[in-house]
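Engineer:
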Amino acid sequence: MNIAKIAYLGELFNMLQMQLRDVSSGELNALGLTRRYRNLSRVLRQISSVSAGIAATLDAESERLKSVPWEGVL
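Heads up, the working numbering is the position in the sequence shown plus 9, with the first residue counted as 1.
(1) G19 to N11, Cα distance in whole Å?
(2) Going by the CB atoms, is the gap between F22 and L53 shorter than 9 angstroms?
(3) Count the other CB atoms, across all protein chains shown, that sit within 10 Å of the CB of S76; report buried if there are 16 or more and exposed otherwise.
(4) Using a Cβ-Cβ cutoff of less than 7 angstroms, which residues in the same chain neighbour I63 once the five nearest sequence positions on both sides are dropped?
(5) Tell me whether the beta-carbon of Y46 lies closer than 9 angstroms to the beta-carbon of L25.
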C-alpha cells in the first residue's frame, strides 16, 4: 500500500468521525447508542492518528532512501 492510500484512509476515518459528531446526543440517546458512539469515535480517532503517523513515517523513509547510493548494493 502506498503512502497516498494510507494518508487517504486516515482522512476517510477522520471524515467519518466528523460525520458522527454531527449526530445530536438526543438522537443517540433515543437509539441507545451513546456508549457505542463514544467507542466508535475513539476508534476512528485512533485509526486516523495511526494512519497519519504511518504515512508520515513512510514519506520520511522514502525521502531518506532516495539519498542512499544504491549502485553496487543490489
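Using N, Cα and C, we set each Cβ at its ideal position, and we do this for glycine too.
All figures in this text were calculated on a predicted structure; none of them were measured in a lab.
Structural biologist: Judging by the given coordinates:
(1) Rounded to whole angstroms, G19 to N11 spans 13 angstroms at the Cα level.
(2) Contact check for L53 against F22 passes: the beta carbons are separated by less than 9 angstroms.
(3) By the neighbour-count rule (16 or more Cβ atoms within 10 Å), S76 is not buried but exposed.
(4) The beta carbon of I63 is closer than 7 angstroms to those of I15 in its chain, skipping five residues each way along the sequence.
(5) With contacts defined by Cβ atoms closer than 9 angstroms, Y46 and L25 do not form a contacting pair.
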